[in-house]
Amino acid sequence: MGPRALVLDFGGVITRTVFETQPENERALGLPPGTLAWRGPFDPAGDALWRSMRAGAISERDYYRVRSQETGRLVNEEWTTPAEFLRRVRGADPSAVIRPEALAAVGAAKQGGARLAILSNELDLFYGPELRTQLPFLRGFDLVVDATYTGILKPDPRAYALVADGLGLPAGSCVFVDDQERNIEGARAAGMDAVHFDVTRPAESFRMALARLGLKTESEHHA
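For the working numbering, add 10 to where a residue sits in the sequence shown, where the first one is 1.
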């Protein structure tokens, strides 16, 4: 087997979703518990806007833009982008929302000789470029492709080609992980192996991705 690569989406895969951190979000904004009731994939029946996004009626960016605007109004501020929301609720310590399962998977992939890449539609747009200096583990990645700068959004096949070309690998040597089904379909259409990341079962999703690379997590090695 030749060189292989683990290619990760950032928000939702490497980080916990905003849905998982709603209690912390509310505390950071000084809002009463239960104010931010939208839960996305954790309660699709109670989140009509999320269902619209999943149905393709609006984009993922549109979903978070609307939720950010709504939340900004709750604290008497005008937020026009999700970045303003995320920086308010996560700016002080972004490492607190990094999934430990992601760090374990990244470590296992690196130890196993796999290349590492991030393919994100809005890494710096949502989180700000300063995030990269706040999260030291990002320095271990061989490549970061961010549509904030390329303007090419997943599931456009050119986005996946940028990763494969940047790594110097054929698309079929890349295992791509994303929490949005449309992006997974795009990766497969572009020739990549792909694992749909279930945000409600992160450890299992990372195990599946590592298995596609012929690798195991540290905990599995000791099992």
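Backbone N, C-alpha and C define an ideal beta-carbon position, used for all residues, glycine too.
Asked, Found
"For residue 33, which of 46, 169 and 26 has the nearest alpha-carbon?", "46"
"Let's test the definition: count the other Cβ atoms within 10 Å of the Cβ of residue 189 and tell me whether it reaches 16, buried, or not, exposed.", "buried"
"If residue 94 and residue 82 are in contact, beta carbons under 8 Å, what's the gap, nearest whole angstrom?", "7 Å"
"State the DSSP-derived secondary structure class of residue 25, mapped to helix, strand or coil.", "strand"
"In chain order, which continuous runs of the beta strand (DSSP E) of length 3 or greater are located wholly inside the stretch 126–163?", "153–156"
"Taking the beta carbon of residue 88 as the centre, do at least 16 other beta carbons fall within 10 Å, making it buried, or is it exposed?", "exposed"
"Out of 223, 224 and 127, point me to the one whose CA is closest to residue 172's CA.", "127"
"Quick one: is residue 131 buried, meaning 16 or more other Cβ sit within 10 Å of its Cβ, or exposed?", "buried"
"Which class does residue 174 belong to by DSSP, given the choice of helix, strand or coil?", "helix"
"Using only alpha-carbon positions, find the residue among 150, 154, 159 and 192 that is nearest to residue 166.", "192"
"For residue 50, tell me which candidate among 67, 68, 73 and 41 has the shortest Cα-Cα distance.", "73"
"Report the partner residues of residue 108 according to the DSSP bridge assignment.", "25"
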